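K.L.:
One structure, pasted below without further comment.
In the numbering used here, the protein residues as written are 3 to 177.
So this is what it looks like as structure tokens:
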């Protein structure tokens, strides 16, 4: 099983990540994080999470959202995860995406398409703000397989992992 995402770019950071996560990496150019991954058991299936925008997690540190994604992924029986975002601009607050000339990032859709091609299971988890710049619909149009989520908000958007119980089951996301 291929365990490492690849790209033609030289933006990769790849390293061991402690004893419980043997490999991790990120495609990052300083302003945009296009892809993040963790592998703890290469024999198990991989899952792709699609969120709103990256915060501080990178190849060497987790943030609260990534810790939550790892917990959910393990509990669902996956051995690795990849994370892409509707917007690749790194910011700890989604409000910072408004008014930025290019919050999406020049290469974001390519990284999303590559991740979709190599990952059989997709979980949408971007919350209510995916409608900004019509990104939710743009990214949904790239997906040609079933999408799961952790439930939907009152507005019908896929819930963010920080705002659901750790025992939340996966359900089908209806677009």
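Beta carbons are placed, not taken as given, at the ideal position from N, Cα and C, and that holds for glycine. All of these numbers come straight from a predicted model, not from anything done at the bench.
#1: Residue 103: buried (16+ other C-beta within 10 angstroms of its C-beta) or exposed?
#2: Is the separation between the beta-carbon of residue 113 and that of residue 86 shorter than 7 Å?
#3: Checking the sheet assignment: what are the DSSP bridge partners for residue 84?
#4: Between residue 64 and residue 90, is the Cβ-Cβ spacing less than 7 Å?
#5: May I have a chain-ordered list of the beta strand (DSSP E) segments no shorter than 3 residues that lie completely inside the segment 60–124?
#6: Which of the three DSSP states is assigned to residue 154 in this structure?
#7: From the DSSP output, in three-state form, read off residue 170 for me.
#8: Could you tell me if residue 73 is buried or exposed, where buried requires 16 or more neighbouring beta carbons within 10 angstroms of its beta carbon?
#9: Taking all protein chains shown into account, decide if residue 156 is buried (16 or more other Cβ within 10 angstroms of its Cβ) or exposed.
#10: Decide if residue 136 is buried, meaning its Cβ has at least 16 other Cβ atoms within 10 Å, or exposed.
#11: Determine, using beta-carbon pairs with one atom in the segment 142–154 and one in the segment 113–129, whether at least three such pairs fall under 8 Å.
#12: With residue 133 as the anchor, note down where its alpha helix (DSSP H) starts and where it stops.
#13: Pick helix, strand or coil for residue 34, following the three-state DSSP scheme.
#14: Since residue 83 contacts residue 40 with CB under 8 Å, what's their CB separation in whole angstroms?
#15: May I have the straight-line CA-CA distance separating residue 172 from residue 42, to the nearest angstrom?
#16: Taking the alpha carbon of residue 97 as the point to measure from, which residue in 131, 169, 61 and 141 has its own alpha carbon closest?
P.N.:
Let's see:
#1: Here residue 103 refers to the residue found at position 101 when the chain shown is read from its first residue. Burial call: exposed.
#2: Here residue 113 corresponds to residue number 111 of the chain shown, with the count starting at 1. Here residue 86 corresponds to residue number 84 of the chain shown, with the count starting at 1. A contact, by the Cβ cut-off of 7 Å.
#3: Start at 1 with the first residue of the chain shown, and residue 84 comes out as number 82. Looking at the DSSP assignment, residue 84 forms a beta bridge with 39 and 50.
#4: Taking the first residue of the chain shown as position 1, residue 64 is located at position 62. Taking the first residue of the chain shown as position 1, residue 90 is located at position 88. Cβ distance not < 7 Å, so residue 64 and residue 90 don't count as in contact.
#5: Those beta strand (DSSP E) runs which fall completely within the segment 60–124 and span 3+ residues are 82–87.
#6: Within the chain shown, numbered from 1, the residue matching residue 154 stands at position 152. Reduced to three states, the DSSP call for residue 154 is strand.
#7: Taking the first residue of the chain shown as position 1, residue 170 is located at position 168. Residue state, collapsed to three classes: coil.
#8: Counting from 1 along the chain shown, the entry for residue 73 is found at position 71. Flag for residue 73 reads exposed.
#9: The residue given as residue 156 occupies position 154 in the chain shown. Result: exposed.
#10: The count along the chain shown starts at 1 and reaches residue 136 at position 134. With fewer than 16 other Cβ atoms within 10 Å, it is exposed.
#11: yes
#12: Within the chain shown, residue 133 is the residue found at index 131, counting from 1. Unbroken run through residue 133: none, as it is neither H nor E.
#13: The sequence position of residue 34 within the chain shown is 32, counting from 1. Reduced to three states, the DSSP call for residue 34 is strand.
#14: The residue you call residue 83 lines up with position 81 of the chain shown. The residue you call residue 40 lines up with position 38 of the chain shown. That belief holds up - the Cβ atoms of residue 83 and residue 40 are roughly 6 Å apart, short of 8 Å.
#15: Looking up residue 172 in the chain shown gives position 170. Looking up residue 42 in the chain shown gives position 40. Their backbone Cα atoms lie some 21 Å apart in a straight line.
#16: As a working mapping, residue 97 is identified with position 95 in the chain shown. For residue 97, the nearest C-alpha among the options comes from 131.
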